[in-house]
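The structure under discussion appears below in the form of structure tokens.
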Amino acid sequence: MTTAVPPLDSPFPERGPNAAADAATDQAPATAATAPRPRWERPAYLALLLGTAALLLWNLSASGYANSFYSAAVQAGSESWKAFFFGSSDAGNSITVDKPPAALWPMALSVRLFGLGSWQILVPQALMGVGTTAVLYAAVRRQFGPAAALLSGAAFALTPVAALMFRFNNPDALLTLLLTVTVYCVLRALDGAHTKWLVLAGAVIGLAFLTKTLQAFVILPPLALLYAVCAPTRLRRRLGQLLLAGLAMVVAGGWWVAIVELWPAGSRPYIGGSQNNSFLELTLGYNGLGRISGDEVGSVGGGARRAGGAGAGGGGGGWGETGIDRLFSANIGGQISWLLPAALIMLVAGLVITWRARRATDSVESMARAAFLAWGGCLLITGLIFSYMQGIFHEYYTVALAPFVAALVGMGVAVLWEERGGLAASLTLSATVALTAWWSYVLLGRASGYLPWLRWTVLAAGLLAAAGLLIGSRWRPGSRTGGRLLLGAAALGVGAALAGPFAYCLTTVDSGRSGSIVTAGPAVAGGVGGPGGMRFKRAGAEGFRGGFPGGPQGATQGAPQGGFPGGAQGGPQGGMPGGAPQGGQAGAAPGGPGGQGVPGAAGGAGGRGARSAMGGPGGGLLNGTKASAEATAALRANAGGYTWAAAAVGAQNAASYQLASGEPVMPIGGFNGSDPSPTLAKFQEYVKAGKIHYFIGQNDGGTGAEGGQGARGGAGGPGGPGGGTSSAIAEWVKAGFKATTIGGATFYDLTAPVSGTS
């Protein structure tokens, strides 16, 4: 590497400034890992971690139980070790969540130690965010120095979707941490062909599999290929090391799977999300290849790929248009893409600059190249799969890309800064800053009325920084004025690049996020909703965001968007699949236990909401319902005499009552209400044995705010594979037991059948 500006003016320590001379004299080149630490590094690193922690912990309890589906499983695991091991939705162990349980374990242990509450559930997630920042810093610092590592850490911490998901209780937080650790371990293994680090990487991937199944394996191809080609040892040893790492992965991820598959099905909970009570089926189907093809049996909204409108990518489905531009689209762009164009440019620039290095990774430049290949390969393969997968896809999945993007930005800036004396490098660095500022301007403009002054400030600052970098790099070598101009322009460019995502992060932490589907930042025009929803709570306002696949997001209603640090998202933003009726404003009052009225696309007050056999997706899939004090008291009464205080169709409904009462509530049909668990015969057996006290049905109707008709339905569940089971149970209960309204909810006392029925 060469530079026309003395290292004294550079915030990035030169990675082996005398590499050529070292090579000629057989001396080991200097690296960032072995160079003395500058005095400012430790305080800056501590500030990075404390700042990340403050961002993730601020206002944390505003989200309540966040995703009550997982919170109920956490509560169950804190009360029953069997539920803890299997990841059961309830302490009665009727059914598991539709994921393996590793992500639940830290939260369940926290609740066991400190009691049930929002902080106890979410603090472990926030600490995982701090841990990911630390691992990313360590990985980048080894080859590119502390300044590059600080930039990468800050870019990651200020990624809006990261600020969202490390304050939430979905599995993606732990998955992202483990993926980052995996890349770090592979890079350590490459630096000397160390078997222990590669085996550790395999074990971490195995644990990641127990977090979110096959998504953990997405980054395996580029990392395995990189090690097989670039590790500084003979080919036979490289392949042997990879086999050992594969064995470690199988052991770390397979021990739990083996126990579950060998355990007698009659004495363990049903595997949620599967149709045949098999974790392998869940892994390969609903949570695996079905996500790619769209053929997800048991999925809400179908089980087969639905045709959608043609887009730039040439395809679309029930979960939004697919294509190369998907990650830049209206509903996803503001989550992850702020620095994505810069990361892609930095990947190309970094590979061009480092490609002259020889294969053996004992040289500084070749290890730098390996780092670009590792982080870049993970970014490309994950991004392409996200862009083209036809099955269930939610905006928050993109948090897995955040460490890859952040690492490439920090590393790329470091190598371009070293080469800034060359015209090509200075033009690339300047153009990247300008492009990033323009893209931030575009993203900020998608949220109508959101901090209009910021987008213009970012654009102006970015263009000014780009000009300063270009002019400063052409200054006479050794000039103090030129060096100061470069440093000032660099600082201004970093500020312009991070200002937009920082504002989105503050908007995210300023308001609570709860429900099955959540997004960071303000509501944006033209986004696409997904099943589930985000409920915001801020300054007494309440509304819902989300809908079912295929429905366009409607106009924002409810709470304000603007105002720094940001207003909450509001208003309905989605419709029902397959052209179901789309209502007006979201109902504010529950439509029975089905919960809140279903948000549809904006349609005007008085619009009729979507209708569903399970009381509407607002109750079944979005946020469940708010259990009344009367209903909670009824569930607690004599609860010790029953295995389940109640049963309800759909895991979100059951979770709401379970979290409120602290007593097990059986989720019939699992998350979607479409799993064949329990069967009608099994449910009747439970009732006959006196194991279930109540069945919680759905009220007919429920009028939403502004005259909007809430979702309507009886006590039944959804159709589709397995859905007939929940409907059959509901109809059997309705025919054989008397309904009583308790706190606005319909309760059937299963210990008191109607006279003449059995």
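If you're matching positions, the sequence shown starts at 388 in this note's numbering and goes up one per residue. Beta carbons: idealized from backbone N, C-alpha and C, even for Gly.
DSSP beta-bridge partners of residue i
| i | result |
| --- | --- |
| T1012 | In the DSSP output, where bridge partners are listed per residue, T1012 has none listed. |
| W1031 | I1079 |
| S475 | T483 |
| Y1135 | F1082 and A1126 |
| P1140 | F1124 |
| V739 | Note: V739 sits in no beta bridge, so no partner. |
| V1036 | I1055 |
Beta-carbon spacing of residue i, residue j below 8 Å
| i | j | result |
| --- | --- | --- |
| L1022 | E1050 | yes |
| F1058 | A1038 | yes |
| N1040 | T1012 | yes |
| A470 | N480 | yes |
| F791 | T769 | yes |
| M798 | A535 | yes |
| S774 | I711 | yes |
| F473 | R655 | yes |
| L551 | G540 | no |
| S475 | A460 | yes |
| G537 | L435 | According to the sequence provided, residue 537 is Leu. The question's Gly does not apply to it. In this structure, L435 lies closer than 8 Å to L537 by Cβ. |
| L562 | A730 | no |
| T620 | I732 | no |
| E428 | P558 | no |
| T785 | L669 | no |
| L601 | V517 | no |
| A615 | L629 | yes |
| G653 | D1062 | no |
| G832 | E1017 | no |
| G1028 | S1113 | no |
| L447 | L514 | no |
| A854 | A883 | no |
| A1132 | S1015 | yes |
| V1052 | D477 | yes |
| T1030 | K1075 | no |
| E648 | Q722 | no |
| A576 | I592 | no |
| G908 | A834 | yes |
| F531 | A812 | no |
| I904 | E806 | no |
| L433 | F889 | no |
Residue closest to residue i, alpha-carbon to alpha-carbon, out of the options
| i | options | result |
| --- | --- | --- |
| W725 | G809, I679, C892 and L634 | C892 |
| A1117 | F1082, P728 and W825 | F1082 |
| S665 | L856, T819, T620 and I482 | I482 |
| P511 | R528, L649 and W492 | W492 |
| S817 | I858, L838, T598 and G518 | I858 |
| T1160 | L564, Q628, L734 and L610 | Nothing about residue 1160 can be read from this structure; the chain reaches only from 388 to 1145. |
| A793 | G653, A847 and V548 | V548 |
| F759 | Y571, V829 and A560 | Y571 |
| R499 | A463, P558, V1052 and E1072 | A463 |
| A449 | W840, G721, G899 and M754 | G899 |
| C765 | P425, L734 and H781 | L734 |
| G641 | R624, L667, R623 and I658 | L667 |
| P839 | A886, V796 and L850 | A886 |
| A910 | R861, R871, L846 and Y837 | Y837 |
| V382 | A755, R871 and A717 | Any question about residue 382 goes unanswered here, given that the chain covers just 388 to 1145. |
| L626 | S860, V605 and V586 | V586 |
| S505 | Q530, L814, A544 and W445 | W445 |
| L771 | G1084, G451 and V605 | V605 |
| T844 | S827, G1084 and A834 | S827 |
| L810 | S860, W825 and G737 | S860 |
| C617 | I719, L856, S753 and R528 | S753 |
| V796 | A907, R807, G763 and A812 | G763 |
| L803 | A877, L850, R867 and A757 | A877 |
| A542 | G1111, G438 and I779 | G438 |
>> Counting beta carbon pairs with one atom in the segment 669 to 679 and one in the segment 470 to 490, are three or more of them shorter than 8 Å?
In response: Yes: the two stretches touch, three or more of their Cβ pairs being nearer than 8 Å.
> Unbroken alpha helix (DSSP H) runs of length 4 or more, entirely within the segment 1054 to 1083: which are they?
Replying inline: DSSP runs (the alpha helix (DSSP H)) wholly in the segment 1054 to 1083: 1067 to 1075.
>> My parser needs the alpha helix (DSSP H) runs of 4 or more residues fully inside the segment 775 to 838; what are they?
In response: Here the runs fully enclosed are 789 to 805 and 810 to 832.
> What are the start and end residues of each continuous beta strand (DSSP E) run of 3 or more residues lying completely inside the segment 576 to 664, in chain order?
Replying inline: Runs found: none.
>> If we require 3 or more residues per run, which beta strand (DSSP E) segments fall completely within the segment 484 to 542?
In response: Runs of the beta strand (DSSP E) inside the segment 484 to 542: none found.
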